[in-house]
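For the protein sequence lines, the chains are L and B, in the order given.
Quick note on numbering: our numbering labels position 17 of the first sequence as 17, and the sequence is numbered without any gaps.
Whatever position you read off the second sequence (first residue = 1), add 79 for our numbering.
Even for Gly, the Cβ is constructed at its ideal location relative to N, Cα and C.
Quick caveat, the model's predicted, so the values are computed rather than measured.
Note sheet for the following structure.
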Amino acid sequence: MNKKKEATCKEVMHHICESLGENLNSEKCSAIKAHLEKCSGCQNYFKTVELTIDFYKKYQVELPPDAHTKLMTFLDLNE
Amino acid sequence: MDELQLIEKAKQGDRKAMAELVKRNEQTVYNFAFKICRDRDKAENIMQETFLSMVKSLQQFESQSKLSTWLYRIVANHCLMEARKMQKRQFVTIDDDEELFDEKYIADWSSLPNKTTENEELRTILDASIQKLSPEYRIVFLLRDVEELSTEETAKITRLSVPAVKSRLHRARAFLRREISQALIR
Numbered sequence: 001m002n003k004k005k006e007a008t009c010k011e012v013m014h015h016i017c018e019s020l021g022e023n024l025n026s027e028k029c030s031a032i033k034a035h036l037e038k039c040s041g042c043q044n045y046f047k048t049v050e051l052t053i054d055f056y057k058k059y060q061v062e063l064p065p066d067a068h069t070k071l072m073t074f075l076d077l078n079e
Numbered sequence: 080m081d082e083l084q085l086i087e088k089a090k091q092g093d094r095k096a097m098a099e100l101v102k103r104n105e106q107t108v109y110n111f112a113f114k115i116c117r118d119r120d121k122a123e124n125i126m127q128e129t130f131l132s133m134v135k136s137l138q139q140f141e142s143q144s145k146l147s148t149w150l151y152r153i154v155a156n157h158c159l160m161e162a163r164k165m166q167k168r169q170f171v172t173i174d175d176d177e178e179l180f181d182e183k184y185i186a187d188w189s190s191l192p193n194k195t196t197e198n199e200e201l202r203t204i205l206d207a208s209i210q211k212l213s214p215e216y217r218i219v220f221l222l223r224d225v226e227e228l229s230t231e232e233t234a235k236i237t238r239l240s241v242p243a244v245k246s247r248l249h250r251a252r253a254f255l256r257r258e259i260s261q262a263l264i265r
């Protein structure tokens, strides 16, 4: 990312954060997409925001083995 | 039997239907509670309190929305109540956009393919990063990005305006990305 484009890159970063997961085909996004295609810094930023979200999506925890029984007892829903 | 039929039966006092509703949603509720509080014991307590609220208030549930959306709201409320009990804990402020979007945090993540979320080191980084976020930001990020609810649904659950959800979301994303970057270059 060069200094000359700094302000624009920041705008792109803001926009990526606001619109990720939403419609990137809107008129508003066309300039952003054009910028993204040629700016490696913003491409990297975009990828790392996506990766951040993906990490948290994939970080799952399983219900502890006895939790269901404890829950049913707590709710008085055992058969 | 589909969820709506189960809800109707449970509202009429059918305990088997109520038990089935709990069973179908317990993993989702536990996982979401854990993602907010990052503590297994607390997540289990919040799950119990959430389903107790569901059992007590199912009559008030209007079937136009999904049960899971209603449960997310109950979990979020319980988590926020828990967080208020710990008011002394300091969360970082993320109001400084200049700092959040600083280019020095464009770190090289190219080594990351080796790190899956089964990796303990990465899990520690993810836990530590999200725990610095105040629960108000955390809940928005988790509902919108991780659970993939719409911005409108997230606004409804958190009782925020759509612009407020978007604002919190973009700050939370940028903050978490920066925290992970910093941890990776250490």
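7 Å Cβ cut-off: residues of chain B touching residue i
{"i": "Gln60/L", "result": "Asn110"}
{"i": "Lys57/L", "result": "Val225"}
Minimum Cβ-Cβ distance from residue i to chain L less than 8 Å
{"i": "Trp188/B", "result": "yes"}
{"i": "Gln261/B", "result": "no"}
{"i": "Met126/B", "result": "yes"}
{"i": "Gln106/B", "result": "yes"}
{"i": "Leu131/B", "result": "yes"}
{"i": "Leu201/B", "result": "yes"}
{"i": "Arg119/B", "result": "yes"}
{"i": "Arg94/B", "result": "yes"}
{"i": "Val241/B", "result": "no"}
Backbone secondary structure at residue i - three-state DSSP
{"i": "Arg202/B", "result": "helix"}
{"i": "Glu258/B", "result": "helix"}
{"i": "Met80/B", "result": "coil"}
{"i": "Ala89/B", "result": "helix"}
{"i": "Cys110/L", "result": "The structure shown does not extend to residue 110/L, since chain L is modelled only from 1 through 79, so no value can be given for it."}
{"i": "Glu99/B", "result": "helix"}
{"i": "Arg238/B", "result": "coil"}
{"i": "Glu231/B", "result": "helix"}
{"i": "Lys211/B", "result": "coil"}
{"i": "Arg117/B", "result": "coil"}
{"i": "Asp224/B", "result": "helix"}
{"i": "Asp54/L", "result": "helix"}
{"i": "Leu131/B", "result": "helix"}
Residue i burial status per 10 Å Cβ neighbour count (16 or more: buried)
{"i": "Ala31/L", "result": "exposed"}
{"i": "Asn2/L", "result": "The predicted position of Asn2/L is uncertain, since its pLDDT is 43 and thus under 50; no value can be drawn from it."}
{"i": "Asp206/B", "result": "exposed"}
{"i": "Glu6/L", "result": "Confidence in Glu6/L is poor, its pLDDT being 44 and thus under 50, which makes the residue's placement unreliable; the coordinate value appears in the next sentence. That one is exposed."}
{"i": "Ala277/B", "result": "Nothing about residue 277/B can be reported from this structure: the residues present for chain B run from 80 to 265 only."}
{"i": "Met80/B", "result": "exposed"}
{"i": "Lys114/B", "result": "buried"}
{"i": "Val241/B", "result": "exposed"}
{"i": "Ala253/B", "result": "buried"}
{"i": "Gln139/B", "result": "exposed"}
{"i": "Asn198/B", "result": "exposed"}
{"i": "Pro65/L", "result": "exposed"}
{"i": "Thr195/B", "result": "exposed"}
{"i": "Ser208/B", "result": "buried"}
{"i": "Ala251/B", "result": "buried"}
{"i": "Glu200/B", "result": "exposed"}
{"i": "Ser40/L", "result": "exposed"}
Contact list for residue i against chain C, beta-carbon separation under 8 Å
{"i": "Ile53/L", "result": "This model lacks chain C altogether, as its protein chains are L and B."}
CB contact below 8 Å: residue i versus chain B
{"i": "Thr48/L", "result": "yes"}
{"i": "His68/L", "result": "yes"}
{"i": "Pro64/L", "result": "yes"}
{"i": "Phe74/L", "result": "yes"}
Chain L contact residues for residue i, given Cβ-Cβ distances below 7 Å
{"i": "Arg217/B", "result": "By Cβ distance, chain L contributes nothing, its closest Cβ being about 10 Å from Arg217/B, past 7 Å."}
{"i": "Arg256/B", "result": "Thr48, Val49, Thr52"}
{"i": "Ala98/B", "result": "Met72, Leu77"}
{"i": "Val134/B", "result": "Leu75"}
Under 8 Å from the C-beta of residue i: neighbouring residues of chain B
{"i": "Asn38/L", "result": "One detail in the question is off: residue 38/L reads as Lys in this sequence, not Asn. The premise fails here: Lys38/L is roughly 16 Å from chain B at the closest Cβ pair, so nothing lies under 8 Å."}
Per-residue contacts from residue i into chain L (C-beta, under 9 Å)
{"i": "Glu123/B", "result": "Leu63, Pro64, Ala67, Lys70, Leu71"}
{"i": "Ala207/B", "result": "None at all; the shortest Cβ gap to chain L is about 13 Å."}
{"i": "Val154/B", "result": "Correct list: empty, because the minimum Cβ distance to chain L is about 14 Å."}
Within chain L, partners of residue i - CB distance below 8 Å
{"i": "Asn113/B", "result": "According to the sequence provided, residue 113/B is Phe. The question's Asn does not apply to it. Neighbours of Phe113/B on chain L, chain order: Val61."}
{"i": "Val101/B", "result": "Leu71, Met72, Leu75, Leu77"}
Cβ separation of residue i and residue j, assumed to be a contact under 8 Å, to the nearest whole Å
{"i": "Ala67/L", "j": "Glu123/B", "result": "6 Å"}
{"i": "Ser142/B", "j": "Leu83/B", "result": "6 Å"}
{"i": "Thr233/B", "j": "Val244/B", "result": "5 Å"}
{"i": "Met133/B", "j": "Leu77/L", "result": "About 11 Å separates the two Cβ atoms, so there is no contact after all."}
{"i": "Leu75/L", "j": "Val101/B", "result": "7 Å"}
{"i": "Leu137/B", "j": "Val108/B", "result": "With 8 Å as the limit, Leu137/B and Val108/B do not qualify as a contact, their Cβ atoms being about 14 Å apart."}
{"i": "Thr69/L", "j": "Arg256/B", "result": "Incorrect: roughly 40 Å between the Cβ atoms, too far for contact."}
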